[in-house]
Amino acid sequence: MGASACTPVEQDGATTTPPTLPAFTTTTPSSATPSPAAAPGDYSDLLLTAADLTNADDTFVERNRKGAPDGHPGATAFFVNEPDTRAISNTVLIYPDETTATAALQQATSTTKVTGEPQLVGVGQDGIVIRGSRPDEGKAVTLLLFTEGPALVRLEFQSADGDVTTDEFVTAIGKMQQIALRVGLPTQRGTG
Numbered sequence: 454m455g456a457s458a459c460t461p462v463e464q465d466g467a468t469t470t471p472p473t474l475p476a477f478t479t480t481t482p483s484s485a486t487p488s489p490a491a492a493p494g495d496y497s498d499l500l501l502t503a504a505d506l507t508n509a510d511d512t513f514v515e516r517n518r519k520g521a522p523d524g525h526p527g528a529t530a531f532f533v534n535e536p537d538t539r540a541i542s543n544t545v546l547i548y549p550d551e552t553t554a555t556a557a558l559q560q561a562t563s564t565t566k567v568t569g570e571p572q573l574v575g576v577g578q579d580g581i582v583i584r585g586s587r588p589d590e591g592k593a594v595t596l597l598l599f600t601e602g603p604a605l606v607r608l609e610f611q612s613a614d615g616d617v618t619t620d621e622f623v624t625a626i627g628k629m630q631q632i633a634l635r636v637g638l639p640t641q642r643g644t645g
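Structural data, given as C-alpha cells:
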C-alpha cells in the first residue's frame with residue numbers, strides 16, 4: 454500500500470495531512486482474544502494485555518503499545534508490575550510466510566545479548582528459551598522466542614538479578630500469546 458492510500462482526501466479532491474497519533478497509547482481489553490474490529494494490518498490486538506499477565510504474585514500495567522516496531526509489520530508492548538520490579542516486553546513481527554519467520558527466529562537466537570544457552574521449549578513452533586542476564590544492566594532476563602505461522606514472537610521477562618522469572622510463568626504467557634496468534638491470524642496459517 455502506498456503512502457497515498459493513507460492520506461485523507463477532501464471532497465474537493467485535495468489531500469490533507471493525516472493526523473498524528475500520541476506517542477504512547479494504552480488499551481485495556483481483558484482477554485488474549487484479538488478484537489474483530491481491528492483495522493486491516495493493525496497487529497496490536499494480537500498482543501497480550503496487562504490482565505493476561507497478572508497473577509496472584511504480580512499485577513502488571515501497560516506502559517507502552519505500538520504497531521510496526523522499527524517499521525516492520527507487527528506490534529510491541531511493554532508491561533511492568535506495580536512495584537516496578539519486573540518487566541515484560543512482548544513483540545510480534547509478521548513475516549510473509551512461515552519459512553521467513555523461522556529464519557528470523559534463528560537469526561534472533563544467534564544474536565541475542567542475553568547470557569545463557571538456548572534451550573528448546575514446548576511453546577509455538579521452534580520454541581527457544583534463553584535464561585541468563587544482561588551483565589551490563591545487572592538484571593535477570595528470560596527470553597522466549599517462537600513462531601506461529603508467519604509470526605515471530607519475542608517475549609522478554611526482566612527482573613532483579615537473582616530473581617529469575619519462573620519457567621511455569623514464562624511457558625503460560627508464551628502459550629497465551631500462541632493462542633492469540635492462532636485466533637488472530639487464521640487466514641495466514643499454512644501459507645509457508
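Here the numbering used here is used: the first residue of the sequence shown is 454, the next is one more, and so on.
Backbone N, C-alpha and C define an ideal beta-carbon position, used for all residues, glycine too.
This one's a predicted model, so the numbers in the text were calculated from it and none came from an experiment.
Leaving out five residues on either side along the sequence, give the residues of the same chain with a beta carbon under 6 Å from the beta carbon of residue i.
i, result
"P475", "In this prediction, P475 has a pLDDT of 31, which is less than 50 and means its spatial position is unreliable; what the coordinates show is noted afterwards. So the list is empty, once near-sequence residues are dropped."
"A490", "In this prediction, A490 has a pLDDT of 40, which is less than 50 and means its spatial position is unreliable; nothing more can be read from the coordinates."
"V514", "A503"
"P526", "I547"
Note the first and the last residue of the continuous beta strand (DSSP E) segment covering residue i.
i, result
"K628", "Where K628 is concerned, there is no enclosing beta strand (DSSP E), although the alpha helix (DSSP H) it sits in stretches over 620-637."
"V545", "539-547"
Compute the beta-carbon to beta-carbon distance between residue i and residue j, rounded to the nearest angstrom, for a pair I have assumed lies under 8 Å.
i, j, result
"V545", "V606", "5 Å"
"R539", "Q611", "7 Å"
"D620", "A593", "Not a contact, Cβ separation roughly 13 Å."
Only counting the same chain, and skipping five residues up and downstream in sequence, which positions put a Cβ closer than 8 Å to that of residue i?
i, result
"G627", "V574, V576, G577, G580, L597, F599, V606, L608"
"L500", "R518, A528, T529, A530, N543, V545, Q630, A633"
Which first and last residues belong to the alpha helix (DSSP H) in which residue i is found?
i, result
"A604", "Looking at the DSSP string, A604 is not in any alpha helix (DSSP H); the run it does join, the beta strand (DSSP E), is 604-613."
"A561", "551-563"
For residue i, which residues in the same chain have their Cβ closer than 7 Å to its Cβ, ignoring the five residues on either side in sequence?
i, result
"T512", "N534, E535"
"P588", "T568"
"E601", "G577, Q578, Q631, L634, R635"
"T571", "The sequence given here has Pro at residue 571, not Thr. Only T562, I581, I583 meet the Cβ criterion."
What is the DSSP secondary structure of residue i, reduced to helix, strand or coil?
i, result
"D616", "coil"
"G569", "coil"
"P475", "Summary for P475: the model assigns pLDDT 31, below 50, so the residue's position carries little reliability; its value from the coordinates is reported in the next sentence. If DSSP states are grouped into helix, strand and coil, P475 belongs with coil."
"G524", "helix"
"D579", "strand"
"A509", "coil"
"L499", "helix"
I need the straight-line Cα distance from residue i to residue j, nearest angstrom please.
i, j, result
"Y548", "T565", "20 Å"
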